[in-house]
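Notes for the one structure printed next.
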Amino acid sequence: MTNNTGQESWPKVLLTGAQMLFVAFGALVLVPLLTGLDPSVALFTAGLGTLVFHGVTKQTVPVFLASSFAFIAPIQGSIASFGVSATLGGLMAAGLVYVAISQAVRLKGTAWLHRLLPPVVVGPVIMVIGLALAPVAVSMATGETSDNIGYGQAIFLSMASLLVTLVLAVFGRGLLRLVPIIGGIATGYALALVMGVVDFTAVREAAWLSVPSFTAPSFHWAAILFMIPVAIAPAVEHIGDMVAIGSVTRKNYLEKPGLHRTLLGDGLATTVAAMFGGPPNTTYSEVTGAVTLTKAFNPKYMVVAAVIAIILAFVGKLGALLQTIPGPVMGGIMTLLFGSIAVVGMNTLVRAGQSLTAARNLVVVSLILVFGIGGMQFGGGQFTLQGVSLAALVGIALNWLLPAEKEGE
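Numbering of the sequence shown is given in this note's numbering, commencing with residue 57 and proceeding in unit increments.
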């Protein structure tokens with residue numbers, strides 16, 4: 057593996073690393089834009105958090121960490137009640153919850169995880185991770201998120217970007233096969249320029265070099281207690297993400313580097329992000345989709361993506377230019393990436409070789425999929441459980457409570 061890594065040319069490593077950042081970029085800046093945090097700080101903390109993660113896991117897992125969608129509503133609520141600084145203190149504490157969970161895993165081992173998370177739970181949860189995001193991809197692809205692009209223009213841009221991406225992924229040879237996403241973005245961006253739907257106002261107004269608006273956290277018990285429970289659900293999601301990337305690369309990351317190390321890396325990345333004023337970090341399903349598509353399994357690509365993210369955070373005009381990529385261009389490519397995550401989940405179920413029509417498996421898989429994709433939620437206000445987190449917890453509970461199938465034994 058080391059020899060292969062040593063033979064890789066730097067242009068290829070840089071290009072693939074940049075591609076991973078491109079894939080994460082849209083979602084990465086969306087979270088701070090929705091919560092009132094600074095997008096440039098989010099870019100910096102995503103890069104820094106990814107480096108922290110790879111430092112803890114010794115560059116063994118090909119993942120990129122960036123802004124977590126699970127924290128959008130809690131951050132909005134906390135900022136309204138306690139302000140930005142106190143919210144960041146709460147987010148630091150949430151990161152430390154991950155650290156505590158990681159140490160529990162370190163002490164008790166991972167054997168119990170296989171009983172807790174069999175393929176009948178893990179497979180559909182991975183499918184939910186991809187499919188729950190499908191409406192986001194479709195709304196971007198059809199122009200719903202773009203003010204200045206109509207439906208017809210949006211569909212043309214998104215489908216052209218998607219077509220180039222899948223042609224390069226399926227028929228590309230050599231280096232071309234490694235850059236289907238950059239190829240799709242470049243094609244879509246060029247077409248958008250010709251159509252005149254790219255707005256350069258932000259680029260003209262931005263300085264060439266500028267320091268991101270870092271914010272220091274402050275600590276208030278109310279804000280900390282408000283945020284801590286939120287961390288439990290994304291920690292469950294983290295396990296699904298580790299299994300998902302493991303399914304892609306055919307490696308068991310729960311054993312090596314160990315779930316305790318990946319959870320520790322994720323927790324420290326979230327705590328470090330909050331120290332600078334960035335949103336919590338999580339492993340990105342978009343990037344797992346890109347890894348699936350490009351077979352870029354080398355963690356070095358993610359380290360390169362992290363360094364590029366940190367540099368871009370200080371390059372005002374370049375950061376502004378990246379934000380001019382039209383939503384439909386990103387949306388077209390996202391439809392393929394999110395779908396590929398769902399296929400990884402289906403493959404997990406298929407490889408397990410269990411009968412999905414057996415009553416027990418049917419109940420577990422059905423409820424995970426419908427609760428996760430359908431938008432079911434439990435609780436309200438401060439403590440709302442929904443999406444992937446709810447689906448994972450429901451799957452774990454059902455698998456634990458329902459008796460084993462006697463016919464399958």
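We treat Cβ as the ideally placed atom computed from N, Cα and C, and that holds for glycine.
*If we call anything under 8 Å between Cβ atoms a contact, is Phe394 one with Ile238?*
By the CB criterion at 8 Å, Phe394 and Ile238 fall outside the cutoff.
_Helix, strand or coil at Phe282 [DSSP, three-state]_ = When DSSP states are grouped into helix, strand and coil, Phe282 belongs to the helix group.
*Which residues in the same chain as Ala225 place their Cβ atom closer than 6 Å to its Cβ, once the five residues preceding and following it in sequence are excluded?*
If you ignore the 5 residues before and after Ala225, its C-beta comes within less than 6 Å of the C-beta of Pro236 and Leu349, all in its own chain and listed in chain order.
_Spatial distance of Gly464 from Gly409 (CA atoms)_ = Per-residue confidence for Gly464 stands at a pLDDT of 47, beneath the threshold of 50, marking its modelled position as unreliable; the derived number appears in the next sentence. Those two C-alpha atoms are separated by around 11 Å.
*Tell me, please, whether the stretch 345 to 361 touches the stretch 115 to 133 by the rule of three or more beta-carbon pairs shorter than 8 Å.*
Segment contact: the stretch 345 to 361 against the stretch 115 to 133, three or more CB-CB distances shorter than 8 Å; contact assigned.
*Excluding the 5 residues preceding and the 5 following Gly103 in the sequence, name in chain order all residues of the same chain whose CB lies nearer than 6 Å to its CB.*
Correct list, in chain order: Ala362, Ala365 and Ile366.
*Please determine, among Arg317, Ala278 and Gly296, the residue with the shortest C-alpha to C-alpha distance to Gly139.*
Of Arg317, Ala278 and Gly296, the residue nearest in Cα terms is Ala278.
*Within 10 angstroms of its Cβ, does Pro355 collect 16 or more other Cβ (buried), or is it exposed?*
So Pro355 counts as buried.
_Which complete beta strand (DSSP E) runs does the stretch 111 to 172 hold, if anything under 3 residues is left out?_
Runs found: 121 to 123.
*Would you mind giving the Cβ-Cβ distance between Leu84 and Ser123, rounded to the nearest angstrom? I have them listed as a contact below 8 Å.*
Between Leu84 and Ser123 the beta-carbon gap is near 5 Å, inside 8 Å, which marks them as a contact.
*From Phe212, Ala188 and Leu187, residue whose alpha carbon lies closest to that of Thr198*: For the options Phe212, Ala188 and Leu187, the alpha carbon positioned closest to that of Thr198 is the one of Phe212.
*asked:* Nearer than 7 Å: is that true of the beta carbon of Arg407 relative to any heavy atom of the ligand NAP?
replied: Absent from the structure shown: the ligand NAP. Ligands present: none.
*asked:* Assuming Phe275 and Gly145 are in contact, meaning their beta carbons sit under 8 Å apart, how far apart are those beta carbons, in whole angstroms?
replied: Going by Cβ atoms, the distance from Phe275 to Gly145 rounds to 4 Å, so yes, they are a contact pair.
*Confirm, please, whether the CB-CB distance from Ala258 to Ala98 is below 8 Å.*
In this structure, Ala98 keeps its C-beta atom at 8 Å or more from the C-beta atom of Ala258.
*Within the chosen definition, does the stretch 264 to 273 reach the stretch 412 to 431 through at least 3 CB pairs nearer than 8 Å?*
Here the stretch 264 to 273 makes no contact with the stretch 412 to 431; the two share fewer than three CB pairs at distances below 8 Å.
_How far does the beta strand (DSSP E) with Asn337 in it extend, from its first residue to its last?_
Here the beta strand (DSSP E) through Asn337 covers Asn337 to Thr339.
*Nearest-angstrom Cα distance between Lys312 and Pro191?*
Each residue's Cα considered, the two are about 34 Å apart.
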